[in-house]
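Engineer: Residue numbers (this note's numbering): 1 to 370.
I am attaching a structure below and will ask some questions about it afterwards.
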Ligand SMILES: Cc1ncc(COP(=O)(O)O)c(C=O)c1O
């Protein structure tokens, strides 16, 4: 059975009419039932750009970690704002002095520098970074907190404390699009569009087709090729049309009906099971510990010969991702090393113990062929 790649649709949440709930009731665990202003966009890159444009008169630069998806710096730059990098150290730690110095160098006079913090894959933030961010906030500076890779985590005071919380929903849920900004502050107006974007259209079709492929017992190879073709088209549009779109009606409907408890419970159980199984495999090293509060994005591991292993897994119908392939001037040594050895093995709500047993068998087979 195929493991990984795009999340096929769940029907019930897409088509159900639920008069009790609407998208205004959308909540994430870190919100603790408190009221936030939330804007929904097609994706997190739209959310980041829209936020930067909205705050443009108050922002001149954003201090961003060197280890983060390039879509983040691209969206800040598209809003006409400079990106300054701070560097990742081992084990997702940072040099606090470096960040402190950059914040001072770039903005002591006008407080126009934003500190951008990334929650990595469901790992608790370095406590000294949280303390630093809060110190800068108390001096009147702005903190953007990116929870894209940890949206279902919760840790009072250490998660969701920033002035603006940014996240991508489309990576976690069976929806064609979806990203957001949440804040206790006012937010910009979201633009209105009559139609969904081409990205969303192809993404929607690909997810429908994938569902049919899976339900049909994964025997229809033409359908598989078709869904992959549609998926590729969606990605081509995602990386070429930078219009800021509101979230689609399809996703809005899903978000109005879904509840995250089952998804979280399933992902937690899966992560723990898979993490323990991987203790038998000496050549992949999970980076994110099992925790009560933090929910990992997937099984984030490092390994030697990463790309060879990725290809082997594809040949066995296991589709992994790399978060992230980075190569630009100014990328630090630790970020370079991580980028060349990291991979994400799927461990989401679609799967169960049999799937993880299979992945472990495939990993053993890879090793035995060496
Ligand atoms: C940390 C982080 N933030 C933001 C984004 C952008 O999310 P989206 O793809 O929904 O635009 C990504 C994309 O991978 C990401 O990894």
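Each residue gets a CB set at the ideal place from its N, CA and C atoms; glycine is no exception.
All figures in this text were calculated on a predicted structure; none of them were measured in a lab.
With ligand 1 as the reference, list in chain order each residue whose Cβ lies under 7 Å from any of its heavy atoms.
Structural biologist: 43, 44, 45, 46, 48, 68, 69, 71, 72, 118, 146, 148, 149, 166, 168, 170, 171, 179, 323, 324
Engineer: Tell me which residues share the same chain as residue 9 and place their Cβ nearer than 7 Å to its Cβ, disregarding the 5 neighbours each side in the sequence.
Structural biologist: 174, 207, 208, 211
Engineer: Is the beta carbon of residue 318 less than 8 Å from the beta carbon of residue 362?
Structural biologist: yes
Engineer: List in chain order: all unbroken beta strand (DSSP E) runs of 3+ residues lying wholly within the segment 274–349.
Structural biologist: Those beta strand (DSSP E) runs which fall completely within the segment 274–349 and span 3+ residues are 299–302, 342–345.
Engineer: Classify residue 142 as helix, strand or coil using the three-state DSSP reduction.
Structural biologist: strand
Engineer: Determine the direct distance from the alpha carbon of residue 289 to that of residue 123, and round the result to whole angstroms.
Structural biologist: Spanning the two alpha carbons is a distance of roughly 7 Å.
Engineer: Taking the beta carbon of residue 113 as the centre, do at least 16 other beta carbons fall within 10 Å, making it buried, or is it exposed?
Structural biologist: buried
Engineer: Does the structure place the segment 347–355 close enough to the segment 263–271 that three or more beta carbon pairs sit under 8 Å?
Structural biologist: yes
Engineer: Helix, strand or coil for residue 163, going by three-state DSSP, please let me know.
Structural biologist: DSSP places residue 163 in the coil class of the three-state scheme, outside both helix and strand.
Engineer: By DSSP, does residue 85 sit in helix, in strand, or in coil?
Structural biologist: strand
Engineer: Secondary structure at residue 174, three-state DSSP: helix, strand or coil?
Structural biologist: coil
Engineer: Could you check which residue in 108, 201, 46, 222 has the C-alpha nearest to that of residue 166?
Structural biologist: 46
Engineer: What span of residues does the beta strand (DSSP E) with residue 64 cover, start to end?
Structural biologist: 61–65
Engineer: Per DSSP, which residues does residue 93 bridge with? Please list them.
Structural biologist: 89
Engineer: Given that a residue counts as buried once 16 or more other Cβ atoms are within 10 Å of its Cβ, and exposed if not, what is residue 157?
Structural biologist: exposed
Engineer: According to DSSP, is residue 219 part of a helix, a strand, or is it coil?
Structural biologist: coil
Engineer: Using only CA atoms, which one of 199, 159, 313, 307 lies nearest to residue 31?
Structural biologist: 159
Engineer: Taking the beta carbon of residue 149 as the centre, do at least 16 other beta carbons fall within 10 Å, making it buried, or is it exposed?
Structural biologist: buried
Engineer: Count Cβ pairs between the segment 12–27 and the segment 250–263 that sit closer than 8 Å; are there 3 or more?
Structural biologist: yes
Engineer: If we ignore side chains and look at the alpha-carbon of each, how far apart do residue 244 and residue 142 end up?
Structural biologist: 23 Å
Engineer: Would you be able to state if there are at least three C-beta pairs under 8 Å between the segment 190–208 and the segment 231–249?
Structural biologist: Touching, per the Cβ criterion.
Engineer: Cα-Cα, which of 221, 366, 195, 121 is closest to residue 168?
Structural biologist: 121
Engineer: Measuring alpha carbon to alpha carbon, tell me which residue in 105, 133, 69 is nearest residue 96.
Structural biologist: That would be 133, whose Cα lies nearest to the Cα of residue 96.
Engineer: Rounded C-beta distance between residue 300 and residue 342? I'm assuming under 8 Å.
Structural biologist: 7 Å
Engineer: From 71, 106, 69, pick the residue whose C-alpha is nearest to that of residue 84; which is it?
Structural biologist: Nearest in C-alpha terms to residue 84, of all of 71, 106, 69, is 106.
Engineer: Roughly how many angstroms lie between the CA atoms of residue 92 and residue 192, to the nearest whole one?
Structural biologist: 38 Å
Engineer: Which term fits residue 48, buried or exposed, when burial requires 16 or more other beta carbons within 10 angstroms of its beta carbon?
Structural biologist: The residue is buried, with at least 16 neighbouring Cβ atoms inside 10 Å.
Engineer: Under the three-state reduction of DSSP, which class applies to residue 32: helix, strand or coil?
Structural biologist: coil
Engineer: Just list the residues that DSSP pairs residue 116 with in beta bridges.
Structural biologist: 144
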